[in-house]
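**Q**
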Amino acid sequence: MHRIDSFVRNGCSGYGRGVGKVRRLRAVGGGEDGQALVLAIGACFALIAAALALVAIAGAVTGKGRAQRAADLAAISAVRSMRDDLPKLLSPPRLPNGAPNPSHLGKSTYLARARDAAAAAADHNDVDPRRVRISFPDRSSFAPLRARATVVAKLDVGAGRRRVEASAEAEAAPPVTAAGGGGPAIASGGGYSGPLVYRDGKGMRPDVAAAYDQMAAAAAAAGIDLIVVSGFRSDAEQAELFAAHPDPKWVAPPGTSLHRCATELDLGPESAYAWIDANGSRFGFTQRYSWEAWHMGFDRPPAPCSNAGNAVSGAGSDVASTGAAALPGFVPPRFRDTLVEAAAKWNVSPALLAAQLMAESNFNPFAVSPAGAVGIAQFMPGTAASYGLEDPFDPVEAIGAQAHLMSDLMNQFGSPELALAAYNAGPAPVEACSCVPAIPETSAYVARIMALLGGAGVIPAPTFEVRLIS
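In structure tokens form, the structure reads like this:
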């Protein structure tokens, strides 16, 4: 503003000095002096008008920018609240004893807290919260993860007032990486299809991790720091190792190694071998092969690479539930056995299939989407035909086809996040980026399912990014 005012003053004073020269020329003589004076004065007024226009434009631009910034911050703040409250929304309304769960949030409270967070963000940025409207594009889902903020303001422009509207939309979604950050939460490509828990960056069955933690604590008390050198390996990873060292005594051929069951740990350092051999059995571990002092297998039930092993739940806990009892509590009783049987047939986590059905149709066998997807697993007609699904409204048939499709996608993409994204958006967008594609519907779909699994204790609670999408 100061620069604009200075420009106006300097411009006019320059022309003023020119006017003095015109007067002197006029005294010398010449009838064109009056015309020069008129032109000089006209130019001066034109400069003033242009400067005033610039002031008005600058004010409008600044006001529009402030409104957009307020909308961005309001949308982000609302979604941050939703991300932080999501575990409470997904927690069971009642405790096992039937009492109300004090940590549970109902959906209306969950959304109200998001609105309050957006209003607070607007207020902190000198925007009247009454001028901010918050909506939730995916409000109809069981776990909304998107918010849209609209800021309406009026700016003083010249002699009048101008209405300005700015909007922004934000979402909470998995990081756009191949496996959502870190290793896959659920195993695939081997003999085990359940959740993975990580120690020293190596995956293992949850009950194996709990036993290892106890053993590692005992070793530490004896002055020994255990290290997990290797854990779960897919058949493809085993094939690479065997190709490099094709000696069955040292590297099992693909499809035969118990590492594919997530029950085997290669441990270190070498100085710990004697302690491990003497104490491993106290924690359920046994030395599988006499010539591999580092290889300890977990020999407590359920057996390696078994259907019961695939259904072990309780990420990191020492309590293992199996079979239909291991499914999350939100699964209706009538579908529990069907899910376990389909998961066992196609080597897919039953909890993953259950969370997916919750997101797809809320377990409604007769659901029909606006896009034409039908049934409990929301198959499109073409996909249903390719998987031999004759009646997508038959929940037993549909769940079997869902397990088949998810098995194929898990084997193709190697992680539950990418398999889910491909189930929702098709394989092509996932193949193009080797990531969860930045499609709002797809990223929210993956986030809801992984959050359900985390809330049920099947996997560690996932981490979501908050980002603007429009």
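Position 408, counted from 1, in the sequence shown is what this note's numbering calls 1036; the numbers after and before it change by one each time, with no gaps. Note that CB positions come from ideal geometry on N, CA and C, so glycine has one too.
Within 10 Å of its beta-carbon, does Ala1001 have 16 or more other beta-carbons around it, so buried, or fewer, so exposed?
**A** Per the 10 Å Cβ criterion, buried.
**Q** At the level of alpha carbons, what is the spacing between Ser885 and Phe860?
**A** For Ser885 and Phe860, the distance between alpha carbons rounds to 10 Å.
**Q** Do Ser989 and Ile1004 have their beta-carbon atoms positioned less than 7 Å apart in this structure?
**A** The answer is yes: Cβ separation under 7 Å.
**Q** What are the residues that DSSP puts in a beta bridge with Thr914?
**A** In DSSP, Thr914 forms a bridge with Gly925.
**Q** Keeping to the same chain, check which residues put their C-beta closer than 6 Å to that of Gly818; ignore five residues upstream and five downstream.
**A** Ser862, Asp863, Arg888, listed in sequence order.
**Q** State the start and end residues of the unbroken beta strand (DSSP E) segment that holds Val857.
**A** Taken as a continuous stretch (DSSP letters only), the beta strand (DSSP E) holding Val857 covers 855-858.
**Q** Flag this pair as touching only if the stretch 744-762 and the stretch 719-734 have three or more C-beta atom pairs under 8 Å; answer yes or no.
**A** These segments do not touch.
**Q** Which residues in the same chain have their Cβ closer than 6 Å to the Cβ of Asp751, if we skip the five residues on either side of it in sequence?
**A** Pro757.
**Q** Quick one: what's got a C-beta closer than 7 Å to Pro932's C-beta in the same chain, skipping five residues either side?
**A** Leu886, Cys889, Thr891.
**Q** Just mark Gly1042 as buried or exposed, buried being the case when its beta carbon has 16 or more other beta carbons within 10 Å.
**A** Answer is buried; the Cβ neighbour count reaches 16.
**Q** Let me know the beta strand (DSSP E) ranges lying completely inside the stretch 712-764, each 3 residues or longer, listed in chain order.
**A** List check, beta strand (DSSP E) in window: 760-763.
**Q** Along the chain, where does the beta strand (DSSP E) containing Glu892 start, and where does it finish?
**A** Unbroken beta strand (DSSP E) run through Glu892: 892-896.
**Q** Do you know whose CA, among Ala847, Met832, Val707, lies nearest Pro857's CA?
**A** Before going further, note that residue 857 is Val rather than Pro in the sequence given. Residue Met832 is the option with its Cα nearest to Val857.
**Q** Counting beta carbon pairs with one atom in the stretch 917-924 and one in the stretch 891-901, are three or more of them shorter than 8 Å?
**A** The stretch 891-901 vs the stretch 917-924: in contact.
**Q** Three or more C-beta pairs under 8 Å: does that hold for the stretch 772-780 against the stretch 693-712?
**A** With the cut-off at 8 Å, the stretch 772-780 and the stretch 693-712 touch.
**Q** Counting beta carbon pairs with one atom in the stretch 975-983 and one in the stretch 1077-1091, are three or more of them shorter than 8 Å?
**A** Yes: at least three Cβ pairs fall under 8 Å.
**Q** Within the same chain, show all residues whose beta-carbon is closer than 7 Å to that of Pro1068, passing over the 5 residues directly before and after it, in chain order.
**A** Counting only Cβ-Cβ distances below 7 Å, and skipping sequence neighbours, we find Arg774, Glu799, Ile1097.
**Q** Report the three-state DSSP secondary structure of Pro592 (helix, strand or coil).
**A** Given a span of 629 to 1098 for the chain in the structure shown, any question on residue 592 remains unanswerable.
**Q** On the three-state DSSP scale, how would you describe Thr778?
**A** Strand at Thr778.
**Q** According to DSSP, simplified to helix, strand and coil, what is Val831?
**A** In the sequence as displayed, the identity of residue 831 is Gly instead of Val. In this structure, Gly831 counts as strand in the three-state DSSP scheme.
**Q** Tell me which residue opens and which closes the beta strand (DSSP E) that Arg962 is part of.
**A** Run containing Arg962: none in the beta strand (DSSP E); it sits in the alpha helix (DSSP H), 961-974.
**Q** Could you name each continuous alpha helix (DSSP H) segment of 4 residues or more that falls completely within the stretch 999-1050, going from the start of the chain to the end?
**A** Qualifying alpha helix (DSSP H) stretches, in chain order: 1009-1014, 1023-1041.
**Q** Give the straight-line distance between the Cα atoms of Phe870 and Pro772, rounded to the nearest whole angstrom.
**A** Going from the Cα of Phe870 to the Cα of Pro772 covers about 46 Å.
**Q** What's the gap between the Cα of Ser945 and the Cα of Asp835?
**A** In this predicted model, Ser945 has a pLDDT of only 37, less than 50, meaning its place in the structure is not dependable; the value taken from the coordinates is given anyway. Whole-angstrom Cα-Cα distance: 7 Å.
**Q** Looking only at its own chain, which residues have a Cβ that is under 6 Å from the Cβ of Pro1057, when we skip the five neighbours before and after it?
**A** Around Pro1057: Pro1065.
**Q** With H, G and I counted as helix, E and B as strand and the rest as coil, what does DSSP make of Ser795?
**A** If DSSP states are grouped into helix, strand and coil, Ser795 belongs with the strands.
**Q** CB-CB under 8 Å to Pro728, same chain, minus the five flanking residues each way: which ones, in chain order?
**A** Taken in chain order, the residues that qualify are Pro721, Arg722.
**Q** Could you spell out where the alpha helix (DSSP H) holding Pro1081 opens and where it closes?
**A** Looking at the sequence itself, residue 1081 is Leu, so the reference to Pro does not match. It spans 1068-1083 - the alpha helix (DSSP H) in which Leu1081 sits, taken as one unbroken run.
**Q** With a threshold of 8 Å on Cβ separation, who are the neighbours of Ile852 within its own chain once the five nearest residues in sequence on each side are excluded?
**A** These residues qualify, in order along the chain: Ser899, Ala900, Trp903.
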